[in-house]
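Colleague: Sending over a structure as structure tokens; questions will come in a sec.
Numbering (my numbering), first residue to last: 38 to 141.
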């Protein structure tokens with residue numbers, strides 16, 4: 038089960054953040070199909086975390102991951118990557134891992 042303070046940790050929920058970052062990395066290489074694969078995995082973990090917490094950044098990440106999947110399936114790697122990047126930002130925001138905090 039996921040805990041509110043560390044739901045994104047791979048040891049507890051399989052790594053929504055890790056998969057979202059992988060989607061971004063592969064999207065930058067033009068791999069739309071791999072963006073979809075990782076965005077879907079990230080989305081599954083984020084939706085599972087939704088059972089344990091209510092957070093607007095989690096909601097936004099879920100929305101962005103859905104958009105990344107839609108655009109990736111259409112072969113739009115660049116657009117899908119933009120949505121995956123937004124998801125990463127929101128996932129990091131949940132625990133204060135932002136550019137200004139030094140953990141970004």
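Where is the CB? At the ideal position from N, CA and C, for every residue including glycine. From a predicted model like this one, the values you see are computed outputs, not experimental measurements.
#1: For residue 111, which of helix, strand or coil comes out of DSSP?
#2: Taking C-alpha atoms, which residue in 53, 61, 98 and 124 lies nearest to residue 115?
#3: Determine the burial state of residue 84: buried for a count of at least 16 other Cβ atoms within 10 Å of its Cβ, exposed for fewer.
#4: List, from N- to C-terminal side, the alpha helix (DSSP H) runs of 4 residues or more that fit wholly inside the segment 63 to 126.
#5: How many angstroms separate the CA atom of residue 78 from the CA atom of residue 53?
#6: When you compare the segment 85 to 98 with the segment 65 to 77, are there three or more beta-carbon pairs, one atom per stretch, that lie closer than 8 Å?
#7: Would you grab the beta carbon distance between residue 94 and residue 104 for me? Rounded to a whole angstrom, and I think it's under 8 Å.
#8: Is DSSP giving residue 56 helix, strand or coil here?
Modeller: Working from what's here:
#1: coil
#2: 61
#3: exposed
#4: 69 to 87 and 93 to 110
#5: 7 Å
#6: no
#7: The Cβ separation is near 15 Å, so there is no contact.
#8: helix
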